[in-house]
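Asks: Residue numbers (the working numbering): 1484 to 1983.
First the structure, then my questions, so here it is.
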């Protein structure tokens, strides 16, 4: 990683003591600062409504980031004292933001006429409109240098709210200033998808309906709703994960080659994918909600037993869908999307299943059908690629075995992998929007999923520690199953592997 060019920077974090800021943003910003990747004249201003002063807030940062401080020692303390500041935002509407503008000007001092400014909204989505309006009315959407706005997902809760939020944002901020962040796109394996596809003719020549039978995209979590019940129960799996994370990954898997490897060209092709998605039929969607079960050997409560969750909640914590990209390249190829909480293992992966050979020469030599060749792209926890193919087992009688070619980032590039937020924050500072969501992609995606949110789809219960409700299996053709395990080694003559 290299340092972005530019002058002084004021980095303002709304929701400065929330989970996102504490777990992701502050650690990422300290590591980037310590590594020399940020401008030398860089100040970080935490903003929330809690009445702290600078010193009180620094003490809280030291306490909340105790592990980071333990690793870095005096360097962390020095960074806090020199670079971290705090402003308590009053609830007095425009006056509160005028006071914020004065505080920023004071911190920037004589350099305020040329300093760059970045505003990061690490707050619940319901707070986005008020903050954007406040920044705009106080004139904070402009500065002597550049000004950029970073917004977390979900951006809107349906098509109408997304359109309204885009309209409000564009009243004050040009689209080139807006960075709608999806941390999954900061993962090295996700970014490498474009290189993997368009930099390797061996795969791009196979990347179409003639050679690919289906694609599965899974983002599974072992955690429950935790302390997010107040937010999550009004959102659910479709809004929280499918409309953004999974659909973004789908866009990268299915997109056409861009004219140039530049932000707008890449984003143009991603928008074409969601434009091409066929309307999703209710019968191609399965929703679920976790019940009691065991995860990691421990008993865990049902979703409705979690603190802050209504006892009659029908919020879906699991969603599985079958969708089609209705264009020339992908006609007839199903894309299966799946996400859930309290699943058997933490897993984010893309599985590309290739078509069987037109003539199966070796069927008679094995009691069970040969499984399709597969390309498994693991996004987490062990980032890398596995290509599964068949080989003959030495000796007689003739038996075939599934083997794999494997690539792991940790083995090829030893050392600490950049955190997704570190990568994305640097891209924001560089002004590169390739990994960020554009307004038209947001609205097109919501147009696809809003009808499902407004329908009365059944929500099936599933036991925590499993792979979701059994009804999700019916989305796949008879005899197929979700690819739930890591690399599997099996003898095809000795029985069909159980990947569930």
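We put the beta carbon where it would ideally sit given N, CA and C, even for glycine.
Using three-state DSSP, classify residue 1653 as helix, strand or coil.
Replies: On the chain shown, position 170 is the one that residue 1653 refers to. The answer is helix: DSSP assigns residue 1653 an H, G or I state.
Asks: Residue 1734: buried (16+ other C-beta within 10 angstroms of its C-beta) or exposed?
Replies: The sequence position of residue 1734 within the chain shown is 251, counting from 1. It is buried - the Cβ of residue 1734 has at least 16 other Cβ atoms within 10 Å.
Asks: Can you tell me whether DSSP reads residue 1515 as helix, strand or coil?
Replies: Translated into the one-based positions of the chain shown, residue 1515 becomes position 32. Residue 1515 falls in the helix class under three-state DSSP.
Asks: Any chance the region 1722–1733 sits against the region 1890–1900, with 3 or more Cβ pairs inside 8 Å?
Replies: With a cut-off of 8 Å, the region 1890–1900 and the region 1722–1733 do not count as touching, because too few Cβ pairs lie within range.
Asks: How should residue 1744 be labelled, buried or exposed, when 16 other C-beta atoms within 10 angstroms of its C-beta is the threshold for buried?
Replies: Your numbering for residue 1744 matches position 261 in the chain shown. Residue 1744 should be labelled exposed.
Asks: How many whole angstroms separate the CB atoms of residue 1605 and residue 1521, which I take to be in contact at a CB cut-off of 8 Å?
Replies: Residue mapping note: residue 1605 aligns to position 122 of the chain shown, counting from 1. Residue mapping note: residue 1521 aligns to position 38 of the chain shown, counting from 1. About 18 Å separates the two Cβ atoms, so there is no contact after all.
Asks: Within 9 Å (strictly less), CB to CB, does residue 1690 reach chain C?
Replies: Absence of chain C from the displayed structure is noted, only one protein chain being present.
Asks: Can you tell which of 1581, 1713, 1538, 1884 has the C-alpha that lies nearest to the C-alpha of residue 1560?
Replies: Here residue 1560 corresponds to residue number 77 of the chain shown, with the count starting at 1. Residue 1538 is the option with its Cα nearest to residue 1560.
Asks: Residue 1492 and residue 1912: beta carbons closer than 9 Å?
Replies: For the purposes of this step, residue 1492 is identified with residue 9 of the chain shown, where counting begins at 1. For the purposes of this step, residue 1912 is identified with residue 429 of the chain shown, where counting begins at 1. Contact flag set, yes.
Asks: Expressed to the nearest angstrom, what Euclidean distance is found between the alpha-carbon atoms of residue 1980 and residue 1958?
Replies: To locate residue 1980, count along the chain shown from 1; it is residue 497. To locate residue 1958, count along the chain shown from 1; it is residue 475. With a pLDDT of 31 at residue 1980, under the threshold of 50, the modelled position of this residue cannot be trusted; read the value that follows with caution. Going from the Cα of residue 1980 to the Cα of residue 1958 covers about 20 Å.
Asks: For the candidate residues 1650, 1667, 1909, whose alpha-carbon lies nearest to that of residue 1833?
Replies: Your numbering for residue 1833 matches position 350 in the chain shown. Nearest C-alpha to residue 1833: 1667.
Asks: Hey, out of 1765, 1613, 1795, whose CA is closest to residue 1802's CA?
Replies: Counted from its first residue, the chain shown places residue 1802 at position 319. If we check each option's Cα against that of residue 1802, 1765 comes out closest.
Asks: Look up residue 1833 in the DSSP assignment and give the residues it is bridged to.
Replies: Against the chain shown, residue 1833 aligns to sequence position 350. The partner list for residue 1833 (beta bridge, DSSP) reads 1700, 1860.
Asks: Between residue 1651 and residue 1532, what straight-line distance do the alpha-carbon atoms span, to the nearest angstrom?
Replies: Position 168 of the chain shown, counting from 1, holds the residue named residue 1651. Position 49 of the chain shown, counting from 1, holds the residue named residue 1532. Answer to the nearest angstrom: the Cα atoms are 23 Å apart.
Asks: Is it the case that the Cβ atoms of residue 1544 and residue 1530 are separated by a distance below 9 Å?
Replies: The residue given as residue 1544 occupies position 61 in the chain shown. The residue given as residue 1530 occupies position 47 in the chain shown. It is not a contact, given that the beta carbons lie outside the stated cut-off.
Asks: On a Cα-Cα basis, can you pick out the residue from 1792, 1671, 1586, 1517 that is closest to residue 1556?
Replies: As a first step, residue 1556 is located in the chain shown; it is residue number 73 there, counting from the start. Cα-wise, what sits closest to residue 1556 is 1517.
Asks: Pull up the distance between the alpha-carbon of residue 1506 and that of residue 1887, whole angstroms please.
Replies: As a position in the chain shown, residue 1506 is number 23, starting the count at 1. As a position in the chain shown, residue 1887 is number 404, starting the count at 1. Approximately 36 Å, taken between the alpha carbons.
Asks: Is DSSP giving residue 1954 helix, strand or coil here?
Replies: Within the chain shown, numbered from 1, the residue matching residue 1954 stands at position 471. Reduced to three states, the DSSP call for residue 1954 is helix.
Asks: Going along the chain, which residues of its own chain have a beta-carbon closer than 6 Å to the beta-carbon of residue 1649, five neighbours each way excluded?
Replies: Taking the first residue of the chain shown as position 1, residue 1649 is located at position 166. Same-chain partners within the cutoff: 1922.
Asks: Quick check on residue 1953: buried or exposed, where buried means 16 or more other Cβ atoms within 10 Å of its Cβ?
Replies: As a first step, residue 1953 must be located in the chain shown, where it is residue number 470. Under this definition residue 1953 is an exposed residue.
Asks: Use the C-beta contact count for residue 1706: other C-beta atoms within 10 angstroms, 16 or more gives buried, fewer gives exposed.
Replies: Here residue 1706 refers to the residue found at position 223 when the chain shown is read from its first residue. The residue in question, residue 1706, is exposed, as its Cβ has fewer than 16 Cβ neighbours within 10 Å.
Asks: Give the DSSP-derived three-state secondary structure of residue 1817 in the structure shown.
Replies: Along the chain shown, one-based indexing puts residue 1817 at 334. Residue 1817: strand per DSSP, three-state reduction.
Asks: DSSP on residue 1826, reduced to helix/strand/coil?
Replies: Counting from 1 along the chain shown, the entry for residue 1826 is found at position 343. Note: residue 1826 maps to strand in three-state DSSP.
Asks: In this structure, what does DSSP give as the bridge partners for residue 1604?
Replies: Counting from one through the chain shown, the residue named residue 1604 turns up at place 121. Answer by DSSP bridge pairing, in chain order: 1497, 1634.
Asks: Start and end of the beta strand (DSSP E) containing residue 1531?
Replies: Numbered from 1 along the chain shown, position 48 holds the residue referred to as residue 1531. Element bounds for residue 1531: 1525–1531.
Asks: Less than 7 Å between C-beta atoms, sequence neighbours within five positions excluded: which residues of the same chain meet that for residue 1830?
Replies: Within the chain shown, numbered from 1, the residue matching residue 1830 stands at position 347. Around residue 1830: 1701, 1703.
Asks: Go to residue 1619, then tell me how far its alpha helix (DSSP H) extends in each direction, as first and last residue.
Replies: Working through the chain shown from its first residue, we reach residue 1619 at position 136. Residue 1619 -> alpha helix (DSSP H) spans 1611–1620.
Asks: Where does residue 1695 sit, in a helix, a strand or coil, going by DSSP?
Replies: Locating residue 1695 in the chain shown gives position 212, counting from the first residue. Correct three-state label for residue 1695: strand.
Asks: Which stretch, first to last residue, makes up the beta strand (DSSP E) that contains residue 1872?
Replies: Sequence index remark: in the chain shown, residue 1872 carries index 389 (1-based). Counting along the chain, the beta strand (DSSP E) containing residue 1872 begins and ends at 1867–1875.
Asks: Quick check on residue 1687: buried or exposed, where buried means 16 or more other Cβ atoms within 10 Å of its Cβ?
Replies: Looking up residue 1687 in the chain shown gives position 204. Residue 1687 should be labelled exposed.
Asks: Taking just the CA atoms, how far does residue 1563 sit from residue 1551?
Replies: As a working mapping, residue 1551 is identified with position 68 in the chain shown. As a working mapping, residue 1563 is identified with position 80 in the chain shown. Approximately 12 Å between the Cα atoms of the pair.
Asks: Under a Cβ-count criterion, where at least 16 other Cβ atoms within 10 Å of its own Cβ denotes burial, should residue 1660 be classed as buried or exposed?
Replies: As a position in the chain shown, residue 1660 is number 177, starting the count at 1. So residue 1660 counts as buried.
Asks: Would you check if the distance between the CB atom of residue 1608 and the CB atom of residue 1658 is smaller than 9 Å?
Replies: Counting from one through the chain shown, the residue named residue 1608 turns up at place 125. Counting from one through the chain shown, the residue named residue 1658 turns up at place 175. Against a cut-off of 9 Å, the Cβ pair of residue 1658 and residue 1608 comes out as no contact.
Asks: Report the partner residues of residue 1733 according to the DSSP bridge assignment.
Replies: Your numbering for residue 1733 matches position 250 in the chain shown. Paired residue(s): none; residue 1733 is not in a bridge.
Asks: In the DSSP assignment, find the unbroken beta strand (DSSP E) run with residue 1887 in it and report its ends.
Replies: Against the chain shown, residue 1887 aligns to sequence position 404. Taken as a continuous stretch (DSSP letters only), the beta strand (DSSP E) holding residue 1887 covers 1883–1891.
Asks: Quick check: residue 1821 and residue 1947, are their CB atoms within less than 9 Å of each other?
Replies: For the purposes of this step, residue 1821 is taken as the residue at position 338 of the chain shown. For the purposes of this step, residue 1947 is taken as the residue at position 464 of the chain shown. No.
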